[in-house]
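Trainee: Before we start, here is the structure in question, set down as C-alpha cells.
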Amino acid sequence: MLDLKFIRNNLDSIEQMLQNRNTDVDLSEFRSIDTKRRQLLTEVEGLKNKRNTCSDSIALLKRQKEDASAQIAEMREVSREIKQLDAQISQLDAQLDALIHMIPNMPHESVPVGSGEEDNPVVRTWGERPSLDFEPQAHWTLGEQLGILDFERGAKITGARFTLYRGAGARLERALINFMLDEHTTRHGYTEVLPPFIVNKTSMTGTGQLPKFADDLFKLEGLDYYLVPTAEVPVTNIYQNEILEAHELPVYFTAYTPCFRKEAGSYGKDTRGLIRQHQFNKVELVKFAAPDNSYEELEKLLADAESILQKLNIHYQVVNLCTGDLGFSASKTYDIEVWLPGQGVFREISSCSNFEDFQARRANIRYRPKEGGKTRYVHTLNGSGLAVGRTLLAILENYQQEDGSVVVPEVLRPYMGGMEVIR
RNA sequence: GGAGAGGUGGCCGAGUCGGCUGAAGGCGCUCGCCUGCUAAGCGAGUGAGUGGGGAAACCUGCUCCGAGGGUUCGAAUCCCUCCCUCUCCGCCA
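In terms of our numbering, the first sequence opens at residue -14 and continues consecutively.
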C-alpha cells in the first residue's frame, strides 16, 4: 500500500506507473473521495471539539450541583449530527481503502520499463550447460522411470498438479530442505523459524495477497483462514503491528514451509512434471531492514539464494524483472532461472524482492530510528532460497546419465546417507 | 468442548459511584548534574495515528485503554458480539 499523502501528491506519476505495469486501476474518483472525506473530517472534528468542551462544562455544573439540562439538550443534537457525519466518513473510508489496496507498489528506478518477461534483462549468468553426449530426458520421464515421482497416484489421491514422491525422491526433497536451511542458518546468518501453515485474512492483507489475489488462495471452508501460498506471509507478519528498535535491524529469518496455490489462470500451462504444483515445498528468506540500506540487503539476499545453486553446481541466470513482469507488492525483483537440459530452457527457481515499505505499511511494521524522532516503516524483503521441488527437478535433469540414473550432487550426499547415484 | 479469571503506553502495573486520566506509580530509554572510571544518587524529558497552521523549531484539532457494535450530553470505566491469554475439568497426537 502506498502512503495516502504520496498518492494525493503524485497522481500523475502513479497513473504512469500503472501503465508501465499494465495494470488497470481506475483512480479517477480518488481526488473527489479524498477531498470530500477531508472536508467532512474537518467538519465533524469541529463538532467533536465542541462536544468535548461542553461535556467538560456539564461535568463542572453537575459537580457544583447546578442545572445543565439546556447544555445537555443542545449536545444531544450535536451528537446526532456527529453520528451522521461519522457514518458518511466511514463509508468514504471504505471506498478509499478499497482503492488504495488495489494500487501496486512503485517500481525502483533501476527497474527497466518493459511489457513482459521477454523484456527482463539478464543481469548475470553462472556456470555452464552440462555437456551431455546423449539426448537428455525431461524430469518427469526420469522420475517415473526411477520410481521416485509418481504423478498418477498423486492425481488419484488428490487431483491434477499433486505428486507422490517415493523412496530416494522423497529423501532427496528432504535432503534439499535440510541442506538449504543449514546453509542459510550456519553460513548466511539467518534465524530459522517454523511458522503456522495456515494464516488469517489480516496476515494475507499485510503482505499483499489480499484483497487482490483471493482467487490464487486455498481458503478453509467457513473460516477466515487460508493455506499459506509462501512462507513470506507468516514470516513477514511475525512483526505485524510492532515497533522494532533501530539496533535490531536488519532481521534475517529463514523458514521451510509447504506452499499451496490454486494456480488459477494457468490451465494448460506446465501440465507435466513438477514445475507447477498446487502444493510444493520452499525454503524462504525474509528480511526486515532499515530503508537506507535495503537495496544492499537485496543484493546479499540474492547472493545467498544463488550460493545454493553454486554449491549444487547448476547453471543459472539472474534476470531483473521489468515493470510489466514485476509483482504487485514489489519495488524490485530479481528472478533466478535454472537451466533445464531436458526441456532446453531456463526456469524460475527463486524470486528475490525488495518491497520497500509497501508491506510494512499494510502490516504496520515500524522501527524507531537511531537518531530518535518519529517511527518509520521498515523495508521488507524476501526471496526463495530455493523452491525445493524445482531444485529437485533441476538436479534430475542436470545430473542425469545416459542410462537414466541420476548422480547425487556431492554436497547432498551426507544428507542422503552417502548415496552417490539414484538408479 | 465445559467452568472461571483477565486483556491499559517499549515493559510491569493503578484506575474508586461513568465526567478534572491519554492515563498515577515503577522499570526501561534520552538529556543534564554529580563521580578518577563504573555503579549508585539527583533533576528534567519520554506513546501512536491522522488533520490544520508555520520556512522551521514549534503551535493546534480529532482519534486510540484487545476488536467491532450499543447505551449516554459524556465511557478505559455500563451492555452486547467476536478474538486472544491464563487456571481447572474433559478429550487428544
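Note that CB positions come from ideal geometry on N, CA and C, so glycine has one too.
By a C-beta neighbour count over all protein chains shown, 10 Å radius and 16 as the cutoff for buried, is Leu142 buried or exposed?
Mentor: Locating residue 142 in the first sequence gives position 157, counting from the first residue. With the sequence shown as reference, residue 142 is identified as Ile, and Leu is not the correct amino acid for it. Exposed, because fewer than 16 other Cβ atoms sit within 10 Å of the Cβ of Ile142.
Trainee: Between Ile223, Gly193, Val184, which lies nearest to Thr176 when the distance is taken from Cα to Cα?
Mentor: For this step, residue 176 is matched to residue 191 along the first sequence. Comparing Cα-Cα distances from Thr176 to each of Ile223, Gly193, Val184, the minimum goes to Ile223.
Trainee: Quick check on Arg246: buried or exposed, where buried means 16 or more other Cβ atoms within 10 Å of its Cβ?
Mentor: As a working note, residue 246 is residue 261 in the first sequence. Of the other Cβ atoms in all chains shown, 16 or more fall within 10 Å of the Cβ of Arg246; this residue is therefore buried.
Trainee: According to DSSP, is Tyr384 part of a helix, a strand, or is it coil?
Mentor: As a working mapping, residue 384 is identified with position 399 in the first sequence. Reduced to three states, the DSSP call for Tyr384 is coil.
Trainee: Leaving out the 5 sequence neighbours to the left and right, which residues in its chain are closer than 8 Å to Glu233 when beta-carbon positions are compared?
Mentor: Within the first sequence, residue 233 is the residue found at index 248, counting from 1. Excluding positions up to five away in sequence, the list reads Tyr352.
Trainee: Here's the rule: buried if 16 or more other CB atoms are within 10 angstroms of the residue's CB, otherwise exposed. What is Asp9?
Mentor: Taking the first sequence and counting its residues from 1, one reaches residue 9 at position 24. Classification for Asp9: exposed.
Trainee: Measuring CA to CA, which of Asp71, Leu(-4), Ala145, Pro97 is closest to Asn5?
Mentor: Counted from its first residue, the first sequence places residue 5 at position 20. Of Asp71, Leu(-4), Ala145, Pro97, the residue nearest in Cα terms is Pro97.
Trainee: Hey, could you find the ends of the alpha helix (DSSP H) Lys355 is sitting in?
Mentor: To locate residue 355, count along the first sequence from 1; it is residue 370. Note, Lys355: premise wrong, no alpha helix (DSSP H); not H, not E.
Trainee: Assuming Ser336 is part of the beta strand (DSSP E), what are its boundary residues?
Mentor: Residue numbering aside, residue 336 sits at position 351 when the first sequence is read from its first letter. Per DSSP, Ser336 belongs to the beta strand (DSSP E) from 330 to 339.
Trainee: Cα separation between Lys50 and Glu30?
Mentor: Translated into the one-based positions of the first sequence, residue 50 becomes position 65. Translated into the one-based positions of the first sequence, residue 30 becomes position 45. Cα to Cα, Lys50 sits roughly 30 Å from Glu30.
Trainee: Would you call Arg23 buried or exposed, if buried means 16 or more other Cβ atoms sit within 10 Å of its Cβ?
Mentor: The residue labelled residue 23 in the question sits at position 38 within the first sequence. Its Cβ having fewer than 16 others within 10 Å, Arg23 is exposed.
Trainee: Rank Asp209, Phe182, Glu291, Thr318 by C-alpha distance to the C-alpha of Gln264 and give the top, closest one.
Mentor: By 1-based counting over the first sequence, the position of residue 264 is 279. It is Phe182 whose Cα lies nearest to the Cα of Gln264.
Trainee: Who are the Cβ neighbours of Leu195 in its own chain at under 7 Å, not counting the five residues just before and after it?
Mentor: As a position in the first sequence, residue 195 is number 210, starting the count at 1. Hits under 7 Å: Lys186, Met189.
Trainee: With a Cβ-Cβ cutoff of 8 Å, do Tyr362 and Asp388 count as a contact?
Mentor: Position 377 of the first sequence holds residue 362. Position 403 of the first sequence holds residue 388. The answer is no: Cβ separation not under 8 Å.
Trainee: Flag this pair as yes or no: are the beta carbons of Ser316 and Pro92 separated by less than 8 Å?
Mentor: Along the first sequence, read from residue 1 onward, the residue named residue 316 stands at position 331. Along the first sequence, read from residue 1 onward, the residue named residue 92 stands at position 107. Going by C-beta atoms, Ser316 is nearer than 8 Å to Pro92.
Trainee: Below 8 Å between beta carbons: does that hold for Asn90 and Tyr400?
Mentor: One-based indexing of the first sequence puts residue 90 at position 105. One-based indexing of the first sequence puts residue 400 at position 415. Their beta carbons are not under 8 Å apart, which means Asn90 does not touch Tyr400 by this criterion.
Trainee: Distance check for Ala55 and Lys204, CA to CA, integer angstroms please.
Mentor: As a position in the first sequence, residue 204 is number 219, starting the count at 1. As a position in the first sequence, residue 55 is number 70, starting the count at 1. So the two alpha carbons sit approximately 55 Å from each other.
Trainee: Judging by CA-CA distance, which residue of Tyr252, Asn226, Thr20, Leu127 is the nearest neighbour of Gln344?
Mentor: Numbered from its first residue, the first sequence carries residue 344 at position 359. Nearest C-alpha to Gln344: Asn226.
Trainee: Please check the pair Ser335 and Gly370, which I expect to be a contact at CB under 8 Å, by giving their CB distance rounded to whole angstroms.
Mentor: By 1-based counting over the first sequence, the position of residue 335 is 350. By 1-based counting over the first sequence, the position of residue 370 is 385. That pair is a contact at about 7 Å.
Trainee: Using CA coordinates, which residue listed in Ile(-8), Asp310, Thr376, Asp289 is at the minimum distance from Thr171?
Mentor: As a working note, residue 171 is residue 186 in the first sequence. In terms of CA proximity to Thr171, Asp289 leads the group Ile(-8), Asp310, Thr376, Asp289.
Trainee: Taking only three categories from DSSP, how would you classify Gly174?
Mentor: As a first step, residue 174 must be located in the first sequence, where it is residue number 189. In this structure, Gly174 counts as coil in the three-state DSSP scheme.
Trainee: For Cys39, name the three-state secondary structure that DSSP assigns.
Mentor: What you label residue 39 is simply residue 54 of the first sequence in a count that begins at 1. If DSSP states are grouped into helix, strand and coil, Cys39 belongs with the helices.
Trainee: Bridge partners for Arg423 per DSSP, in chain order?
Mentor: In the structure displayed, the chain extends from -14 to 408; residue 423 sits before or after that span and is not available.
Trainee: Spatial neighbours of Tyr237 within its chain, please: C-beta separation below 6 Å, excluding the five flanking residues on both sides.
Mentor: Within the first sequence, residue 237 is the residue found at index 252, counting from 1. Only Gly174, Tyr175, Lys272 meet the Cβ criterion.
Trainee: Is it right to say Leu355 is buried, meaning 16 or more other beta carbons lie within 10 angstroms of its own, or is it exposed?
Mentor: Locating residue 355 in the first sequence gives position 370, counting from the first residue. Note that residue 355 is Lys in the sequence shown here, rather than Leu. Counting Cβ neighbours within 10 Å, Lys355 comes out exposed, since fewer than 16 surround it.
Trainee: Enumerate, from N- to C-terminal direction, the unbroken alpha helix (DSSP H) stretches of 4 or more residues contained entirely within the stretch 93 to 127.
Mentor: none
Trainee: Would you mind reading off the limits of the alpha helix (DSSP H) that contains Gln69?
Mentor: Against the first sequence, residue 69 aligns to sequence position 84. Here the alpha helix (DSSP H) through Gln69 covers 54 to 85.
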